[in-house]
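Heads up, the thing below is written out as structure tokens.
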Amino acid sequence: GADHRRKARWYDRRVSMTGDDARRTEVLRIESRREPGAAVIRLRGELDLAGAPRLAEAVRDQARNGDPVVLDMSEVTFIDSTGVRTLLDAARAVDVPMALLAPSHRVVRVLELTRLRDRLPELPDLSPASLASLNPADS
180 GADHRRKARW YDRRVSMTGD DARRTEVLRI ESRREPGAAV IRLRGELDLA GAPRLAEAVR
240 DQARNGDPVV LDMSEVTFID STGVRTLLDA ARAVDVPMAL LAPSHRVVRV LELTRLRDRL
300 PELPDLSPAS LASLNPADS
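According to my numbering, the stretch in the sequence shown is residues 180 to 318, in order.
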């Protein structure tokens, strides 16, 4: 009897925590800018099913200029399988190099768990040397 009530209370607290978390969901914010030699797309919030189509569109739009596309992922707080798939599909869909800039530890963890970290180049910064690494033929 007492064990059952204790488990039920724990479960109820867990459900209400999940409910609170659901109300605090962060919408993916996308900001694009031009830097010398690259189009930079800054992502903030959660990269999931809700934000994936907007990210794919932003990558396509920025790639039209012909410069590499760099995704600043330092402020991505969550990424799910849809987000990972969107990154991979976007990289394949454009005719320019695409790289990740300073991915958050959450992004790195998911890419490592899915064994996809080596599929998307990572840049430490936007220096000319880092950007040149995306186009080895231009060096």
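The beta carbon of each residue, even a glycine, is placed where N, CA and C say it ideally should be.
query	result
Exposed unless 16 or more other CB atoms sit within 10 angstroms - verdict on Ala-308	exposed
Arg-298 in three-state terms, based on DSSP	helix
Beta-carbon proximity of Val-248 to Ile-220, cut-off 8 Å	yes
Where Arg-233 sits in the DSSP three-state scheme	helix
Residues bridged to Ala-278 (per DSSP)	Val-249
Inter-residue Cα distance where the pair is Arg-243 and Arg-233	16 Å
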